[in-house]
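Structure, as structure tokens:
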Amino acid sequence: MLREKINEDLKLAMKARDERRTSTLRMVNAAFKNAEIELRAQNKQLGDKELLGLLQKMVKQRQESVEMYLKGGRAELADAEREEIAIIQGFLPQQMPEEQVRAAIAEIIAQENATGVKDMGKVMAALKAAFAGRMDFGKASGLVKGMLAG
32 MLREKINEDL KLAMKARDER RTSTLRMVNA AFKNAEIELR AQNKQLGDKE LLGLLQKMVK
92 QRQESVEMYL KGGRAELADA EREEIAIIQG FLPQQMPEEQ VRAAIAEIIA QENATGVKDM
152 GKVMAALKAA FAGRMDFGKA SGLVKGMLAG
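Residue numbering for the sequence shown follows this note's numbering, starting at 32 and increasing by one per position.
Next comes the structure, spelled out in structure tokens:
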């Protein structure tokens with residue numbers, strides 16, 4: 032479904048001669064194809080969960096690039112990255128608010144019977160399986176660590 036929506040939006044962007052959107056969506060498709068090629072060797076398929084994870088990774092990479100460009104005094108490149116972020120985020124489900132993230136983490140900790148930081152990997156794996164695309168796992172890992180430590 033996600034891939035079809037991206038391809039449909041790519042066609043519309045090409046017809047509208049929206050160069051930024053067209054190039055960004057082509058880049059997204061290329062990333063999907065590269066990931067698919069990597070998984071083909073393992074006889075696995077790319078599902079919507081994996082695609083969402085890949086989109087989140089792309090957003091994070093661009094956010095890091097924005098910071099680097101701003102430090103380097105290249106505001107025009109930072110703006111271009113921000114435009115790409117906005118386009119990619121349009122395909123991601125809305126992120127959960129922090130209070131919902133905390134509640135979800137507490138629930139997973141209880142389900143997994145996690146008692147300390149040594150169980151962090153188990154909790155993070157369960158979170159990723161349950162909330163792919165709807166949670167920033169970089170922020171969530173800090174919350175998990177805090178909840179398991181204290």
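Where is the CB? At the ideal position from N, CA and C, for every residue including glycine.
Check, Outcome
"Distance cut-off 6 Å: Phe162 Cβ against heavy atoms of the ligand SAM", "Because no ligand of any kind appears in the structure shown, any question about the ligand SAM cannot be addressed here."
"Unbroken alpha helix (DSSP H) run spanning Asn60, endpoints", "Glu50 to Arg71"
"Anticipated Cβ contact below 8 Å, Gln120 with Arg165, distance rounded", "Not really, about 12 Å apart at Cβ, beyond 8 Å."
"Residues of its chain near Ala161, where Cβ-Cβ distance is below 8 Å and the 5 sequence neighbours each way are ignored", "Ala135 and Ile139"
"Cβ-based neighbour list, Leu41, same chain, cut-off 6 Å, excluding 5 preceding and 5 following", "Leu56"
"Exposure of Ile118, with buried meaning 16 or more beta-carbon neighbours within 10 Å", "buried"
"Backbone CA spacing between Glu112 and Lys102 [nearest angstrom]", "14 Å"
"Inter-residue Cα distance where the pair is Glu143 and Glu35", "36 Å"
"Straight-line gap, Gly152 to Ala180 (C-alpha atoms, nearest Å)", "14 Å"
"Rounded straight-line distance, which links the Cα of Lys149 to that of Lys91", "26 Å"
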